[in-house]
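Enquirer: So the protein lines, in turn, are chains A and B.
To convert, note that position 6 of the first sequence is 6 in my numbering; the numbers rise steadily by one, no gaps.
Take the position in the second sequence, starting the count at 1, then add 300; the result is the number in my numbering.
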Amino acid sequence: MPNLTHLARLEAESIHILREVVAECERPVMLYSIGKDSSVMLQLALKAFYPAKPPFPLLHVDTTWKFREMIQFRDATARRLGLELLVHVNAEGVAMGMNPFVHGSALHTDVMKTQALRQALDRYGFDAAFGGARRDEEKSRAKERVVSIRSAQHRWDPKRQRPELWRLYNTRKVKGESLRVFPLSNWTELDVWQYIYQERIPIVPLYLAAERPVVERDAALIMVDDERMPLKTGERPQLRRVRFRTLGCYPLTGAIDSNADTIEAVIEEMLAARTSERQGRIIDHDSAASMEKKKQEGYF
Amino acid sequence: MGLAAPLAPSGLQAWQAAQASKGLLRFITCGSVDDGKSTLIGRLLYESQLLLQDQLEALESDSRRLGTQGEQLDFALLVDGLSAEREQGITIDVAYRFFASERRKFIVADTPGHEQYTRNMVTGASSADLAIILVDARKGVLTQTRRHSYLVSLLGIRQIILAVNKMDLVGYGHGAFQDVEHSYREFAGRIGLTDIVAIPVSALRGDNVLESPASMPWYRGPSLMQQLDTVVIRNDVAAQPFRMPVQWVNRRNQNFRGFAGLIVSGSVRAGETVRLLPTGVTSRVGRIVTADGELTQAVAGQAVTLTLQDELDVSRGDLLVSAAAPAAVADKIEATIVWMSEEPMLPGRPYLLKCGTRTVTAAAAPLKYKVNVNTLEELAARQLELNEIGVVNLNLDQPLAFDPYALNRDTGGFILIDRINNNTVGAGMLQAALQPSENVHWQALDVDRANRSVLKNQKACVLWFTGLSGAGKSTVANLVEKKLFGMGRHTYLLDGDNVRHGLNRDLGFTDADRVENIRRVAEVARLMTDAGLIVLVSFISPFRSERQLARSLLGPGEFFEIFIDTALAVAEARDPKGLYRKARAGKIRNFTGIDSPYEPPEAPEIRIDTARVSAEQAAEQIISQLRNAGVIDRDWVFIP
Ligand SMILES: Nc1nc2c(ncn2[C@@H]2O[C@H](COP(=O)(O)OP(=O)(O)O)[C@@H](O)[C@H]2O)c(=O)[nH]1
Chain A
1 MPNLTHLARL EAESIHILRE VVAECERPVM LYSIGKDSSV MLQLALKAFY
51 PAKPPFPLLH VDTTWKFREM IQFRDATARR LGLELLVHVN AEGVAMGMNP
101 FVHGSALHTD VMKTQALRQA LDRYGFDAAF GGARRDEEKS RAKERVVSIR
151 SAQHRWDPKR QRPELWRLYN TRKVKGESLR VFPLSNWTEL DVWQYIYQER
201 IPIVPLYLAA ERPVVERDAA LIMVDDERMP LKTGERPQLR RVRFRTLGCY
251 PLTGAIDSNA DTIEAVIEEM LAARTSERQG RIIDHDSAAS MEKKKQEGYF
Chain B
301 MGLAAPLAPS GLQAWQAAQA SKGLLRFITC GSVDDGKSTL IGRLLYESQL
351 LLQDQLEALE SDSRRLGTQG EQLDFALLVD GLSAEREQGI TIDVAYRFFA
401 SERRKFIVAD TPGHEQYTRN MVTGASSADL AIILVDARKG VLTQTRRHSY
451 LVSLLGIRQI ILAVNKMDLV GYGHGAFQDV EHSYREFAGR IGLTDIVAIP
501 VSALRGDNVL ESPASMPWYR GPSLMQQLDT VVIRNDVAAQ PFRMPVQWVN
551 RRNQNFRGFA GLIVSGSVRA GETVRLLPTG VTSRVGRIVT ADGELTQAVA
601 GQAVTLTLQD ELDVSRGDLL VSAAAPAAVA DKIEATIVWM SEEPMLPGRP
651 YLLKCGTRTV TAAAAPLKYK VNVNTLEELA ARQLELNEIG VVNLNLDQPL
701 AFDPYALNRD TGGFILIDRI NNNTVGAGML QAALQPSENV HWQALDVDRA
751 NRSVLKNQKA CVLWFTGLSG AGKSTVANLV EKKLFGMGRH TYLLDGDNVR
801 HGLNRDLGFT DADRVENIRR VAEVARLMTD AGLIVLVSFI SPFRSERQLA
851 RSLLGPGEFF EIFIDTALAV AEARDPKGLY RKARAGKIRN FTGIDSPYEP
901 PEAPEIRIDT ARVSAEQAAE QIISQLRNAG VIDRDWVFIP
């Protein structure tokens with residue numbers, strides 16, 4: 001009997017986690033961020049509950065500054081799969097005129113993402129939320145639990161996180177508390193790409209190289225995705241062949257020059273020139289301990 | 301031997317094919333502080349080229365700023381992402397790191413820190429196939445080395461790499477290496493570890509980490525990386541009999557009932573006879589359903605959905621096993637427990653025990669002994685403190701299907717969960733079902749309310765239903781009792797009318813008699829909670845003060861005032877026993893609501909608005925509130 005491959009084992013582990021949480025929680029939801037990790041997570045959910053559909057909705061916390069192609073992809077995906085898609089926007093943030101160009105990435109992310117997520121979880125009363133985070137993303141994530149518990153205020157108390165042994169996850173909580181669950185904890189960026197390749201999982205075209213209008217700012221290539229982007233004097237969008245390693249709000253996501261217009265080519269480029277994906281996320285550079293702090297406040 | 305090397309653009313397909321056959325190896329690294337664990341892991345990450353460009357740049361600048369190696373790279377910094385947390389007083393238990401070679405992907409469980417060592421190591425070891433035990437060549441086998449090895453063997457790891465590190469500091473001497481290897485093998489043999497490969501390395505210089513070095517010509521064996529890459533993992537689970545804990549019942553439509561789960565050992569074929577535990581009934585596997593098509597056979601490690609040819613009552617928590625080689629079923633099991641909570645483990649106290657997908661309630665008999673992890677001595681003990689390990693007999697409230705941990709980690713390993721704060725407070729390994737005669741400790745305990753409740757897997761309490769005549773108290777109380785009964789709970793229902801026919805036959809309806817009526821009922825209810833029962837009292841009980849009296853007889857959290865809130869007009873319109881009509885006609889005196897007052901509760905634990913919910917919904921609401929209050933647990937399923 002052949003041994004299972006590493007991708008087969010990772011897949012089975014993730015499916016197991018998804019099912020455990022669905023079986024033991026009352027109202028789970030999948031945080032669908034439209035990125036490659038979400039796409040993989042969604043594929044795993046389709047498999048876990050097959051032939052039934054995943055028994056939970058998808059939730060997208062829309063900051064209103066996502067790439068337009070992401071939104072199209074999101075809606076098309078939900079339609080194609082016949083899944084319930086909830087979109088939440090922090091209306092207060094919109095009323096405040098929240099704008100990453102004006103208010104900076106930290107405040108924008110806090111209001112439109114962190115707070116918005118909390119609002120959405122409260123509004124629908126979800127008691128477990130699946131997220132696509134991986135332990136290899138960052139040094140400080142290496143010790144992250146698969147299942148972590150949050151207080152009714154969505155705070156993450158390091159002291160209350162539970163040891164995880166074997167395949168046993170403790171999902172118990174009192175009313176008001178909720179769980180964050182990371183089924184992809186043991187996947188690496190490379191595993192994700194390989195799986196996308198192996199399973200032919202659809203991804204947002206922004207991951208593949210194409211001519212796109214960009215400006216160069218603070219050593220980052222920012223795509224001019226709509227007219228809300230204020231151009232500085234002398235700044236002119238130029239067409240460059242670029243792709244994105246990670247997707248978020250377009251003003252905060254740097255592109256890289258690339259010719260890789262197929263998944264195979266992306267994997268090749270990745271293996272040849274290695275730059276970790278978080279580098280494209282401007283949010284991380286704001287402060288060194290930013291991730292840890294954001295997590296305590298309820299960011300994913 | 302190369303690692304995941306950058307490929308030539310045309311090589312992708314070959315590369316992808318190699319990826320597709322890549323295996324996975326999970327291991328744990330154990331060593332004392334400063335033995336060089338971080339340096340070693342950091343080097344493995346670095347050498348396997350899984351480091352990305354910006355991480356390398358960060359490493360270079362960190363090395364210049366913080367490193368201990370002058371102009372050289374300090375690999376330990378790569379895995380030291382935890383120092384910040386350490387300063388913040390955050391407990392770090394296990395960090396997981398990833399690297400890959402051409403043949404395998406590796407998941408490393410790294411367990412830093414001193415204080416929580418046992419807990420951390422046990423957690424990391426629980427999912428590892430192999431352990432690297434790191435020893436400083438200058439110091440040799442230390443107490444810690446022995447402790448780590450004991451924990452590793454306790455958790456069922458059989459394959460050990462003894463990495464004798466800092467060989468550069470002993471002049472790469474063969475003798476030094478042999479001394480360490482010799483004394484380690486001697487000790488390890490005593491705790492049942494025999495599959496040991498000893499490798500001399502210098503993590504700092506990289507000697508024998510990847511390549512066999514020139515510095516130790518006397519060494520002929522594999523480098524550390526070669527060993528990790530080629531070691532044949534004894535795949536015990538594949539050879540064990542078929543086991544699949546049922547996770548979730550897939551009911552896509554009326555015609556489909558599939559049982560979803562991960563096969564934790566053995567394999568299963570369509571058409572094969574399987575047994576369902578704990579009930580013991582058998583059936584044949586119908587289809588093996590996966591999103592990638594139906595399978596004729598599925599093996600350990602696969603997550604599948606099975607259908608059965610017979611209509612069995614299968615639910616989450618059941619274990620599907622090979623009919624020819626089923627698992628044991630018992631409610632008294634000997635186990636080794638590792639305690640992980642600041643609050644000690646007390647014999648007799650009930651904890652939730654989760655094994656596979658099943659959760660039961662377990663209480664430990666007095667400890668047989670605890671183990672000194674440094675000397676391996678067996679010591680007498682009354683309780684287990686944080687990081688202590690002990691052997692106990694567990695009494696379960698219902699039978700559990702299991703295998704001895706030594707045979708199967710997934711059907712023999714369990715966690716213990718505190719019923720009040722829901723923390724994971726312990727982990728353990730099931731050993732063997734007990735003969736009835738061995739189970740004498742339980743009887744030796746003082747029998748009191750708590751013990752009686754534990755035996756019944758519930759928290760004894762009084763559910764006091766109050767409300768107008770005809771409000772629906774008895775209907776709802778009856779439904780609640782039925783549901784509790786169906787969940788295997790022990791209950792008793794005291795109903796106003798019934799009690800008045802016997803115990804309170806001598807009482808009438810004056811205010812004084814009403815008070816005495818309630819006092820007696822409250823006393824009886826209290827006695828019954830002493831017996832461990834959930835007592836349902838369905839009495840109009842119109843006066844606040846008497847309900848307060850009943851409450852005062854019970855402890856905090858043991859009295860649930862349930863207000864069945866129905867408007868007088870509604871109750872009167874229903875008039876199921878024709879009593880309102882008689883009262884209005886003056887044929888009954890002192891009738892509550894008509895010529896005697898009803899004082900509604902001010903702060904009932906539960907309020908049921910009968911105008912809004914059906915009796916069924918009311919009963920559900922009450923059950924769910926009892927769950928939240930910890931009176932009953934949600935996972936408990938009654939198997940008739
Ligand atoms: N000479 C020498 N020093 C080493 C070797 N491995 C680690 N060290 C040093 O030992 C110290 C502790 O190493 P570290 O990896 O932080 O140990 P940890 O506490 O086990 O993680 C550091 O100063 C390392 O540079 C080795 O093979 N040879």
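Backbone N, C-alpha and C define an ideal beta-carbon position, used for all residues, glycine too.
I need the straight-line Cα distance from residue 780/B to residue 922/B, nearest angstrom please.
Expert: Their Cα atoms are separated by approximately 7 Å.
Enquirer: 8 Å is my cut-off, CB to CB: does residue 393/B come that close to chain A?
Expert: Yes, contact with chain A.
Enquirer: Between which two residues does the beta strand (DSSP E) carrying residue 100/A extend?
Expert: First-last for residue 100/A: 100-109, but that is the alpha helix (DSSP H), not the beta strand (DSSP E).
Enquirer: Taking a cut of 7 Å between CB atoms, which residues from the region 680-712 of chain B lie near chain A?
Expert: From the region 680-712 of chain B, only 709 and 710 have a Cβ closer than 7 Å to chain A.
Enquirer: Run through chain A and tell me which residues come within less than 7 Å of residue 724/B, C-beta to C-beta.
Expert: The contacting residues are 162, 163 and 170.
Enquirer: Output, in chain order, the set of chain B residues within a Cβ distance shorter than 7 Å of residue 253/A.
Expert: Neighbours of residue 253/A on chain B: none; closest Cβ ~16 Å, over 7 Å.
Enquirer: For residue 215/A, which residues does DSSP report across the bridge?
Expert: 222/A.
Enquirer: Along the region 577-601 of chain B, where does the CB come closer than 9 Å to a CB of chain A? Name the residues.
Expert: Within the region 577-601 of chain B, the qualifying residues are 589, 590, 591, 592, 597, 599, 600 and 601.
Enquirer: How about residue 98/A and residue 58/A: are their beta carbons less than 8 Å apart?
Expert: No, these two residues do not count as a Cβ contact at 8 Å.
Enquirer: Which chain A residues sit within Cβ distance under 8 Å of residue 640/B?
Expert: Within 8 Å Cβ-Cβ: 163.
Enquirer: What are the complete alpha helix (DSSP H) segments, minimum 4 residues, inside the region 825-884 of chain B?
Expert: DSSP runs (the alpha helix (DSSP H)) wholly in the region 825-884 of chain B: 844-852, 868-874 and 879-884.
Enquirer: Under 7 Å Cβ to Cβ from residue 225/A, same chain only, skipping five residues before and after it: list those, please.
Expert: Same-chain partners within the cutoff: 67, 68 and 250.
Enquirer: Helix, strand or coil for residue 251/A, going by three-state DSSP, please let me know.
Expert: Note: residue 251/A maps to helix in three-state DSSP.
Enquirer: With 8 Å set as the bound, which would you pick, yes or no: does the beta-carbon of residue 547/B sit closer than that to a beta-carbon of chain A?
Expert: At least one chain A Cβ lies under 8 Å of residue 547/B.
Enquirer: Grab the span of the beta strand (DSSP E) containing residue 695/B for me, first residue to last.
Expert: 689-702 is the span of the beta strand (DSSP E), which, as asked, contains residue 695/B.
Enquirer: Is DSSP giving residue 737/B helix, strand or coil here?
Expert: The predicted model places residue 737/B with a pLDDT of 35, which falls under 50 and marks its position as unreliable; any figure quoted below should be read in that light. Of the three classes helix, strand and coil, the one that applies to residue 737/B here is helix, per DSSP.
Enquirer: Please report how far the alpha carbon of residue 508/B lies from the alpha carbon of residue 669/B, in whole angstroms.
Expert: Computed Cα separation, rounded: 43 Å.
Enquirer: Can you tell me whether residue 785/B is buried or exposed? The criterion is at least 16 other CB atoms within 10 Å of its CB, across all chains shown.
Expert: Exposed, by the Cβ-count rule.
Enquirer: Which residues in the same chain as residue 8/A place their Cβ atom closer than 6 Å to its Cβ, once the five residues preceding and following it in sequence are excluded?
Expert: No residues qualify anywhere along the chain.
Enquirer: Any beta carbon from chain C within less than 8 Å of residue 106/A's own beta carbon?
Expert: No chain C is part of this structure, whose protein chains are labelled A and B.
Enquirer: Hey, out of 618/B, 466/B, 426/B and 470/B, whose CA is closest to residue 453/B's CA?
Expert: Selected option, being the one with the closest Cα: 426/B.
Enquirer: Determine which residues share a DSSP beta bridge with residue 459/B and list them.
Expert: BP columns for residue 459/B point to 430/B and 495/B.
Enquirer: Which word fits residue 571/B, buried or exposed, when buried means at least 16 other C-beta atoms lie within 10 angstroms of its C-beta?
Expert: Exposed is the call here.
Enquirer: Compare the C-beta of residue 71/A against all C-beta atoms of chain B and say whether one is closer than 8 Å.
Expert: Closer than 8 Å: no.
Enquirer: For a contact defined as C-beta to C-beta under 7 Å, what are the partners of residue 15/A on chain B?
Expert: Going along chain B in sequence order, the residues near residue 15/A (Cβ under 7 Å) are 603.
Enquirer: State yes or no: is the beta carbon of residue 3/A nearer than 8 Å to at least one beta carbon in chain B?
Expert: Cβ-Cβ to chain B under 8 Å: yes for residue 3/A.
Enquirer: Could you check the C-alpha separation between residue 887/B and residue 860/B for me, to the nearest Å?
Expert: So the two alpha carbons sit approximately 34 Å from each other.
Enquirer: Would you say the beta carbon of residue 143/A comes nearer than 7 Å to a heavy atom of ligand 1?
Expert: For ligand 1, not one heavy atom lies less than 7 Å from the Cβ of residue 143/A.
Enquirer: Consider the Cβ of residue 66/A: report whether some Cβ of chain B lies at a distance smaller than 8 Å.
Expert: Chain B, which has no Cβ nearer than 8 Å to the Cβ of residue 66/A, makes this no.
Enquirer: Please confirm if the region 694-709 of chain B is in contact with the region 661-678 of chain B, defined as three or more CB-CB distances below 8 Å between the two stretches.
Expert: At 8 Å Cβ cutoff, the stretches touch.
Enquirer: Any heavy atom of ligand 3 inside 7 Å of the beta-carbon of residue 139/A?
Expert: Ligand 3 is not part of the structure shown, which contains ligand 1 as its ligands.
Enquirer: Taking the alpha-carbon of residue 624/B as reference, which of 442/B, 568/B, 817/B and 783/B has the nearest alpha-carbon?
Expert: It is 568/B whose Cα lies nearest to the Cα of residue 624/B.
Enquirer: If contacts are defined as beta-carbon pairs under 8 Å, then residue 685/B and residue 644/B qualify, I think. What distance do you get, rounded to the angstrom?
Expert: Between residue 644/B and residue 685/B the Cβ distance is about 5 Å, and since that is below 8 Å, they are a contact.
Enquirer: Start and end of the beta strand (DSSP E) containing residue 327/B?
Expert: Segment 323-330, the beta strand (DSSP E) holding residue 327/B.
Enquirer: Interface residues of chain B around residue 124/A at Cβ under 9 Å?
Expert: Chain B residues near residue 124/A: none, gap ~18 Å exceeds 9 Å.
Enquirer: Quick one: is residue 738/B near chain A, going by C-beta distance under 8 Å?
Expert: Reliability of the predicted coordinates at residue 738/B is poor, the pLDDT of 37 falling under 50, and no value is obtained from them.
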